[in-house]
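Have a look at the structure below, then the notes.
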Amino acid sequence: MNQCDRNEIRFIGDGKSILRAVHITEPRNVFSSITDYIKTLYPTIYADALVNFTSADSEIPPLEQYLRRAMLANGIVYAKNYLTYLDEMVAYVEETMSSKSNDPNRLRKLAYDRDTKRVQRKAYLKEVDELRKSIVTMTRKIYEIRGTLLPWKDIAAELRHGSEVSWIQNHQLRSQVSHVSRLAGLLQAWINQMELQNSCYPLSANKWPDISLSKQKDIRAVGFMWLTKQLIGATDAYLDPSNFPYTHEDSIKVDWGYEGRKFTFQKVFQATPEQVAKTIWSVNRASGNHILPSRTAPDGIVQVLHAAEERNQRISYVHEQFDQSTQRVFHVRVYQSDRIVIAYRTIAYDEALEPHTHNESFQEWNEIRDIGNGVCLHRSMVFTEPRKQYNSLEEYMKELYPDVYMSATNTNYPHTIGSAAWDQYLHRTLVSHGIAIARSYYQFVARVLEHVQAYPNLYSY
226 MNQCDRNEIR FIGDGKSILR AVHITEPRNV FSSITDYIKT LYPTIYADAL
276 VNFTSADSEI PPLEQYLRRA MLANGIVYAK NYLTYLDEMV AYVEETMSSK
326 SNDPNRLRKL AYDRDTKRVQ RKAYLKEVDE LRKSIVTMTR KIYEIRGTLL
376 PWKDIAAELR HGSEVSWIQN HQLRSQVSHV SRLAGLLQAW INQMELQNSC
426 YPLSANKWPD ISLSKQKDIR AVGFMWLTKQ LIGATDAYLD PSNFPYTHED
476 SIKVDWGYEG RKFTFQKVFQ ATPEQVAKTI WSVNRASGNH ILPSRTAPDG
526 IVQVLHAAEE RNQRISYVHE QFDQSTQRVF HVRVYQSDRI VIAYRTIAYD
576 EALEPHTHNE SFQEWNEIRD IGNGVCLHRS MVFTEPRKQY NSLEEYMKEL
626 YPDVYMSATN TNYPHTIGSA AWDQYLHRTL VSHGIAIARS YYQFVARVLE
676 HVQAYPNLYS Y
């Protein structure tokens, strides 16, 4: 049997106390019925209960109930006996304590013990105080005798320790200086390389249209950092409100000549800024290869080469392969106080990858703002600029957009090829083609946005 007693005694005033007790007795074995339990552990109670049990058929349920009542009755008798015994013990203790407390010899002994302990404690405290004072006095005498000099062993140990610390610090500093010097040289070479490759593109007025990435890990990390700051820092200049309609309405503006093309878009969406940001991020393939709505297979290969996310911004560097076109594109997304900015630009040269043929440079800036009532405003500016200079629109179209040029020449047009009127016609053809591209783009964006709203967990940004 396992037994456990819990007792609580509380003083309730007037020389009275209250006792609260719980006594628990549990069998170590498991019994299937109360009959087996009483028969095994309390055979006397079980025998007495059977003698007094008068049921005619001796069915098990009546017997079980009778045995349970017999156990309860026995428990009550046990509790009463225990309390009676407890009362007798309390009376005995009170009588004993009363007789001892009034004993004159005992009272004198207690008073003597108290006085003796008080005297001993005072003597102890006095001795401790004198010892402390003597320690202070002797310490002063030691310093007076020795002055401020330290033992030569202590001085030698301190000098050795200081020398070791200085050597470690100098070694670390030399390593850092060497690393920083090497890094500075590599950075200077990287900047010089890009300065030789770059010339200001007139359409975007960007002094760094062509970017190189070093294969050196440290310089590559600096390059990603610089690209991020360059794209975010240029956002306000390219997405200035003066470049867009004042009212919140859809707008498409196309500028296209032999210096390249510039698309200026404004679109109102019935969606949250997060949903539109996911859509733009996915349409730009910043998260890698995946099948977009209305397409049964990817239309190209997109491989994520580097990705990172911290605080309010995310970057992604991808390799794109569409038909015969190959591009390396750097994407960035950043949360700002009143908008979400998404931008990207192509990377002209990457020392860590095989060289690739590329005739045009791409740059894009997007901002998404919440304008209330479940509506957001998307503004975008996209630059596509040739990497070589052309002297005429005809030369530009023949080399970079031969299909558009062939379509223009196949049209019955009264002006002579090469005349000023012909150049104006080619310009109108490019602008019309650009407007068609923009409309097709936003139709595709609308389909992707519907899919994002239906399945938001499939998309990230």
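Just so we're aligned: the sequence shown equals residues 226 to 686 in the working numbering. Here a beta-carbon is modelled for each residue, glycine too, at the ideal position from N, C-alpha and C.
Of the residues the options, which one's Cα is nearest the Cα of residue i?
i    : options                   : result
I540 : S685, K613, I360 and A496 : S685
F494 : H473, A316, V302 and R346 : H473
R558 : I477, E313 and R570       : R570
L411 : R339, I444 and R357       : I444
L602 : A663, V501 and Q614       : V501
G599 : Q678, N509, I301 and K351 : Q678
A661 : K478, Q455, A414 and H396 : K478
M226 : G240, E369, L674 and R253 : R253
N584 : D379, H556 and Q549       : Q549
V405 : E389, W392, E251 and V447 : V447
Q228 : G240, Y337, D239 and T250 : T250
A663 : L683, R612 and S476       : S476
Y267 : L297, G240, G238 and D239 : L297
S257 : G240, V276 and E289       : E289
A508 : T641, I380, S665 and E383 : Checking the sequence, you will find Val at residue 508 rather than Ala. When only C-alpha atoms are compared, the closest one is S665.
S437 : Q413, A430, G458 and I457 : Q413
A430 : V402, K454, Q345 and A462 : A462
Can the beta-carbon of residue i be found closer than 7 Å to that of residue j?
i    : j    : result
A272 : A295 : no
Y262 : F278 : no
V607 : F488 : yes
Q587 : T551 : Note that residue 587 is Phe in the sequence shown here, rather than Gln. Against a cut-off of 7 Å, the Cβ pair of T551 and F587 comes out as no contact.
I270 : N299 : yes
L655 : W415 : no
D435 : A573 : yes
Y615 : Y483 : yes
L674 : T497 : no
E576 : K378 : no
L452 : F555 : yes
T460 : W647 : no
G485 : P611 : yes
In terms of DSSP beta bridges, what is residue i paired with?
i    : result
H248 : D230
P627 : Paired residues: none, contrary to the question.
D480 : K487
L438 : D575
Y238 : A small fix is needed here, since residue 238 is Gly in this sequence, not Tyr. For G238, which the question treats as bridged, DSSP gives the partners K241.
E610 : S586
V255 : Answer by DSSP bridge pairing: none, since V255 is not bridged.
A493 : Looking at the sequence provided, one finds Val at residue 493 rather than Ala. Bridge partners of V493: L602.
Looking only at its own chain, which residues have a Cβ that is under 6 Å from the Cβ of residue i, when we skip the five neighbours before and after it?
i    : result
G513 : V527 and V529
R245 : E233
S242 : I234 and F236
R231 : V247
R604 : L464, F469, Q491 and E592
H658 : V629
L408 : D443
With a threshold of 7 Å on Cβ separation, who are the neighbours of residue i within its own chain once the five nearest residues in sequence on each side are excluded?
i    : result
L651 : L618, E619, M622 and A633
R564 : E592, I593 and R594
N537 : V559 and Y560
D282 : In this prediction, D282 scores a pLDDT of 46, lower than 50, which makes its location untrustworthy; the coordinate-derived value is nonetheless stated afterwards. None.
Y667 : K492
G238 : none
T341 : none
E352 : none
What residues in its chain sit with their C-beta under 8 Å from that of residue i, if we drop five residues either side in the sequence?
i    : result
A671 : none
A532 : R539, I540, S541 and Y542
R293 : I259
E189 : This structure leaves residue 189 out entirely; the chain is present only between 226 and 686.
Could you confirm whether any beta carbon from chain C is found closer than 7 Å to the beta carbon of residue i?
i    : result
E389 : Protein chain content of the structure displayed is limited to a single chain, and chain C is not contained in it.
*Residue ranges of each beta strand (DSSP E) run of no fewer than 3 residues wholly in the segment 577-606, ordered along the chain?*
585-597
At what residue ranges does the segment 511-570 contain a whole run of the beta strand (DSSP E), taking only runs of 3 or more?
526-535, 538-547 and 550-561
- May I have a chain-ordered list of the beta strand (DSSP E) segments no shorter than 3 residues that lie completely inside the segment 612-679? none
Counting only runs of 4+ residues fully inside the segment 283-369, write out the alpha helix (DSSP H) ranges in chain order. 285-326
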